Amino acid sequence: MQKDIKNMPITKHLIAPSVLAADFAKLYDDIQMINNSEADWFHIDIMDGVFVPNISFGFPVMQAIAKYATKPLDVHLMIVDPDRYLKNCKDSGASMITVHYEACTHLHRTLAAIKELGCKAGVALNPHTPVSLLADVIRDIDLVLVMSVNPGFGGQKFIERTYDKVKALRALAAGVNDSLLIEIDGGVTLQNAASLLQAGANVLVAGSFVFNAADSMETIKKLKAVDYTLRSV
Ligand code: DX5
Ligand code: ZN
5 MQKDIKNMPI TKHLIAPSVL AADFAKLYDD IQMINNSEAD WFHIDIMDGV FVPNISFGFP
65 VMQAIAKYAT KPLDVHLMIV DPDRYLKNCK DSGASMITVH YEACTHLHRT LAAIKELGCK
125 AGVALNPHTP VSLLADVIRD IDLVLVMSVN PGFGGQKFIE RTYDKVKALR ALAAGVNDSL
185 LIEIDGGVTL QNAASLLQAG ANVLVAGSFV FNAADSMETI KKLKAVDYTL RSV
């Protein structure tokens with residue numbers, strides 16, 4: 005069942021723990037931890053072993069998560085030909101569906117199809133993909149997911165170049181899509197969170213930093229409490 009994201013004002017940055025880093029043998033406990041924490045969304049990484057060199061989990065697992073999650077599912081599709089699976093994804097409980105720029109031949113059409121399903125439409129950029137390639141669709145996007153590692157695995161090192169990409173993206177959206185959500189995915193920690201938010205990001209995904217912590221709920225609380233002054237573009 006899709007969680008309602010209408011009328012969800014963004015007054016503070018959002019935290020989206022990545023379920024990829026959860027303990028799949030006790031997934032229910034980790035879902036409840038996220039439900040009870042200050043996290044805003046569940047980040048769901050779907051990998052096909054073709055677009056990325058790894059396979060995570062698919063829609064049956066996502067449906068099981070959706071059954072118990074009390075917060076919106078933010079789905080990151082790391083798959084080729086995502087158009088084939090958009091309806092499945094929505095029916096499995098997605099509120100936000102993000103496709104990779106590099107996997108879409110007709111991105112504008114794909115974004116329209118996601119919105120037609122009643123979901124927020126996101127585009128993910130690999131570290132090598134310049135922000136400027138979004139110039140002609142920036143108005144049509146609800147969320148841009150900036151990959152700050154190469155997609156496929158949790159626990160990788162954050163790529164420092166990401167800050168400049170976030171600033172460039174905020175500048176590209178200024179005046180035409182000021183409510184654009186900019187989400188950072190990969191290697192997010194308390195060390196880089198404030199700088200990312202200052203650069204213009206407003207959604208932080210965190211996988212291993214949350215789930216490898218001694219106290220995951222407390223770590224989410226700290227990420228949510230990060231203070232920053234929004235940089236003007
Ligand atoms: C990587 C995934 C990420 C991953 C992040 O391809 O898209 O969402 O789970 O994990 P950390 O936070 O450990 O880098
Ligand atoms: Zn992701």
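The opening position of the sequence shown corresponds to residue 5 in the working numbering, with each subsequent residue numbered one higher. Glycine residues also receive a C-beta, built at the ideal position from the N, C-alpha and C atoms. The model shown is predicted, which means the values in this text are computed figures rather than measured ones.
Three-way DSSP call (helix, strand, coil) for Asp-34 in this model: For Asp-34, the three-state secondary structure derived from DSSP is helix.
Which residue or residues does DSSP assign as beta-bridge partners of Ile-142? Listed as beta-bridge partners of Ile-142 by DSSP are no residues whatsoever.
If you measure from the CB of His-47, is any heavy atom of the ligand ZN nearer than 7 Å? With a cutoff of 7 Å, His-47 counts as near the ligand ZN, since its C-beta is closer than that to a heavy atom of the ligand.
Three-state secondary structure (DSSP) of Thr-166: Annotated three-state conformation of Thr-166 is helix, per DSSP.
Any heavy atom of the ligand DX5 within a distance shorter than 7 Å of the CB on His-132? Not so, every heavy atom of the ligand DX5 lies at least 7 Å from the Cβ.
Name, in chain order, the residues that DSSP records as bridge partners for Phe-46. Residue pairing by DSSP places Phe-46 opposite Leu-77 in a beta bridge.
Just the C-alpha distance for Ala-125 and Ile-69, rounded to the nearest angstrom, thanks. So the two alpha carbons sit approximately 21 Å from each other.
Proximity of Val-214 and Glu-187 at Cβ, strictly below 8 Å: Between Val-214 and Glu-187, the C-beta gap is not smaller than 8 Å, which leaves the two residues out of contact.
Looking at Leu-129: is its Cβ nearer than 8 Å to the Cβ of Val-141? The criterion of a C-beta distance shorter than 8 Å is not satisfied by Leu-129 and Val-141.
Around the Cβ of Arg-113, are there at least 16 other Cβ atoms within 10 angstroms (buried) or fewer (exposed)? Looking at its Cβ environment, which holds fewer than 16 other Cβ atoms inside 10 Å, Arg-113 is exposed.
Ile-118 and Leu-77 - do their beta-carbons sit closer together than 8 Å? The beta carbons of Leu-77 and Ile-118 sit no closer together than 8 Å.
Val-230 to Thr-223 span [Cα, whole Å]: Cα-Cα distance, rounded: 11 Å.
Give me, in chain order, the residues of the same chain whose beta-carbon lies closer than 8 Å to that of Leu-176; leave out the 5 immediate sequence neighbours on both sides. Scanning its chain for C-beta atoms nearer than 8 Å, with the 5 sequence neighbours on each side dropped, one finds around Leu-176 the residues Val-135, Ser-136, Leu-138, Ala-139, Ile-142, in chain order.
In chain order, what residues of the same chain have a beta carbon less than 7 Å from the beta carbon of Thr-133, not counting five sequence neighbours either side? For Thr-133, where only same-chain residues beyond five positions count, the Cβ hits under 7 Å are Tyr-105, Glu-106.
Is Ser-212 a contact residue of the ligand DX5, with contact defined as CB to any heavy atom under 7 Å? Result yes, Cβ under 7 Å from the ligand DX5.
In chain order, what residues of the same chain have a beta carbon less than 6 Å from the beta carbon of Ile-101, not counting five sequence neighbours either side? Around Ile-101: Val-79, Cys-93, Ile-118, Cys-123.
Taking all protein chains shown into account, decide if Ala-210 is buried (16 or more other Cβ within 10 angstroms of its Cβ) or exposed. The residue in question, Ala-210, is buried, as its Cβ has 16 or more Cβ neighbours within 10 Å.
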